[in-house]
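Student: Encoded as C-alpha cells, here's the structure I'll be asking about.
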Amino acid sequence: MFIDKTEEILIKTRRNIFGQNIGSSASVFSGSGLDFRELREYSIGDDVRKINWKATAKAQQPYLNLFNEERELNIVIAFMVSGSIYFGSRRFKQELMGEILALLSYSTLNNDDRLSTLLFSDREEFLMPPTKKMGTLNITLEKALGIDPLNKTADYDQFVTYVNERIKRRSLLFIIGDFYGDIDLSLLNKHEVYAVLVRDRFEEAPKLFGEMELIDPVSMEDEEILINDSVLKSYTEQIRENDERLYEHFAKNRIGHVKIYTDEAPFRKLSLLVGRP
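Laid out in C-alpha cells, this is it:
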C-alpha cells in the first residue's frame, strides 16, 4: 500500500513544484553560497540570518557575512523515526513527513545540488549517501513511508552525535519530526539547520472523555486512564511548555523552524521557511 502512496506523493510533489510558475529553477528554496568572503556593515533589507554576531558585538554595530557564490549546495534531510509519528486524525504524521521529504528532496535534485537522506531513530535506520540522481527519491520515500515506527524512539542526542561524526562538510540540514522531549541541537552550529515540526491538531487539543485504554506507540505499553477536564488541561499544558522550550532553543541557536499540521499542504510553509516568497 505504501508503494501506491509513494507514487501519489511524488505526483503531488511534481505538481506543487512546477505549478508555481517559477521556471527551470523550480524549488521550495533558493540556495545561498556558503563560502565566506568578507564582512560588511548591515544595511536595511539585508538577510538578518547572515549577521555575524561576534563581529557585531565587538564593533557595537551590525555586520554581515558575505559569501562567494557557490554553484552547488550540500543538503541533508533527516527523517526522525518514532512511534509517535504513527498517529493522525486526517492522515498519519508519517505520511506528511514523507511528503515534506519528497518536496525538499525533489527541489534539491532539481537544482542539481547534492542530497543526503537519513532515517534516524536512536540509531541510523537508513542512509542515502550524497547523490544528484533523481531516481533515489523513490527509494528514500518508500523507505520513509514503509518503515514501521512503532516501538522506536527519536533520540536527538544520538542524532546530533551521529551528524557531527558523519557529516563533515557544512550543509543545509533539514530535520523533520514531531519534536517531543528535551531537545538540544546547539552542537549542530556548523550547519545551517531547519526544523520542520509535524503535528496533528488532535494530539495538541484532544477531545476525549471517560475511561480509555491508551497505548504508548514508543514503548507499546497500554494503560487504562480516566480522562477528564483536569487530565486534558495538564496534558495540553505539557505540550505548550514543550513547544515554548523548543522555540526558545531555536531562537537562541538561530535555527529556522516551522510547524505543519496533518490537515495542511506543506509547500507554502516550506517555501516561507527557507526564504522563497
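Going by my numbering, the sequence shown opens with residue 12, and the numbers climb by one from there.
Positions of the beta carbon are idealized from the N, C-alpha and C atoms, including for glycine.
Give the secondary structure of Tyr272 by DSSP, where H, G and I count as helix, E and B as strand, and everything else as coil.
Tutor: If DSSP states are grouped into helix, strand and coil, Tyr272 belongs with the strands.
Student: Less than 6 Å between C-beta atoms, sequence neighbours within five positions excluded: which residues of the same chain meet that for Ile33?
Tutor: Note that Ile33 scores a pLDDT of 29, beneath 50, so its modelled location is shaky and nothing firm can be said.
Student: Which same chain residues, not among the five before or five after Tyr167, have their C-beta less than 6 Å away from its C-beta?
Tutor: Counting only Cβ-Cβ distances below 6 Å, and skipping sequence neighbours, we find Ile194.
Student: Using 8 Å as the threshold, is the C-beta distance between Leu112 and Ile88 below it?
Tutor: Cβ atoms of Leu112 and Ile88: closer than 8 Å.
Student: What are the start and end residues of each continuous alpha helix (DSSP H) run of 4 or more residues lying completely inside the stretch 75-146, in chain order?
Tutor: Qualifying alpha helix (DSSP H) stretches, in chain order: 104-121.
Student: Considering only their Cβ atoms, is the gap separating Asn264 from Ser197 smaller than 8 Å?
Tutor: Closer than 8 Å, so yes.
Student: Using 8 Å as the Cβ pair cut-off and three pairs as the minimum, do the stretch 94-102 and the stretch 139-156 touch?
Tutor: Short answer: they don't touch.
Student: Buried or exposed, going by whether 16 or more other CB atoms sit within 10 Å of the CB of Phe40?
Tutor: Low per-residue confidence applies at Phe40: pLDDT is 46, beneath 50, and the placement is therefore not dependable, though the value from the model is reported in the following sentence. So Phe40 ends up on the buried side.
Student: Taking 8 Å as the threshold (C-beta atoms), are Met108 and Ile187 in contact?
Tutor: For Ile187 and Met108, yes; Cβs fall inside 8 Å.
Student: With a threshold of 7 Å on Cβ separation, who are the neighbours of Leu284 within its own chain once the five nearest residues in sequence on each side are excluded?
Tutor: So the qualifying residues of the chain are Tyr205, Gly267, Val269.
Student: Identify whether Ala165 lies in helix, strand or coil by the three-state DSSP scheme.
Tutor: Ala165: coil per DSSP, three-state reduction.
Student: Ends of the beta strand (DSSP E) at Ile187?
Tutor: Where Ile187 is concerned, the enclosing beta strand (DSSP E) stretches over 183-188.
Student: Could you spell out where the beta strand (DSSP E) holding Tyr205 opens and where it closes?
Tutor: 203-210 is the span of the beta strand (DSSP E), which, as asked, contains Tyr205.
Student: What does Gly267 pair with, by DSSP beta-bridge criteria?
Tutor: According to DSSP, which records beta bridges pairwise, Gly267 is partnered with Tyr205.
Student: Is it the case that the Cβ atoms of Pro217 and Tyr97 are separated by a distance below 8 Å?
Tutor: Not in contact: Pro217 and Tyr97 (Cβ atoms no closer than 8 Å).
Student: From which residue to which residue does the alpha helix (DSSP H) around Leu281 run?
Tutor: Residues 278-284.
Student: Let me confirm a value: Thr273 is counted as buried when at least 16 other C-beta atoms fall within 10 Å, else exposed. Which label applies?
Tutor: Its Cβ being crowded by 16 or more others within 10 Å, Thr273 is buried.
Student: Using DSSP bridges, identify the partner residues of Leu50.
Tutor: In the DSSP output, where bridge partners are listed per residue, Leu50 has Asn76.
Student: Is the stretch 149-164 touching the stretch 122-138 in the sense that three or more CB pairs, one from each, lie closer than 8 Å?
Tutor: Segments in contact, yes.
Student: Between which two residues does the beta strand (DSSP E) carrying Glu234 extend?
Tutor: Element bounds for Glu234: 233-238.
Student: Given a threshold of 16 other Cβ atoms within 10 Å of its Cβ, counted over all protein chains shown, does Ala262 qualify as buried or as exposed?
Tutor: The residue in question, Ala262, is exposed, as its Cβ has fewer than 16 Cβ neighbours within 10 Å.
Student: Using a Cβ-Cβ cutoff of less than 8 Å, which residues in the same chain neighbour Val171 once the five nearest sequence positions on both sides are dropped?
Tutor: Result list for Val171: Asp195, Leu196, Leu198, Leu199, in chain order.
Student: Leaving aside the five residues before and after Leu161 along the sequence, list all residues of the same chain whose C-beta is less than 6 Å from its C-beta, in chain order.
Tutor: Excluding residues within five positions, the ones whose Cβ falls inside 6 Å are Gly94, Tyr97, Pro228.
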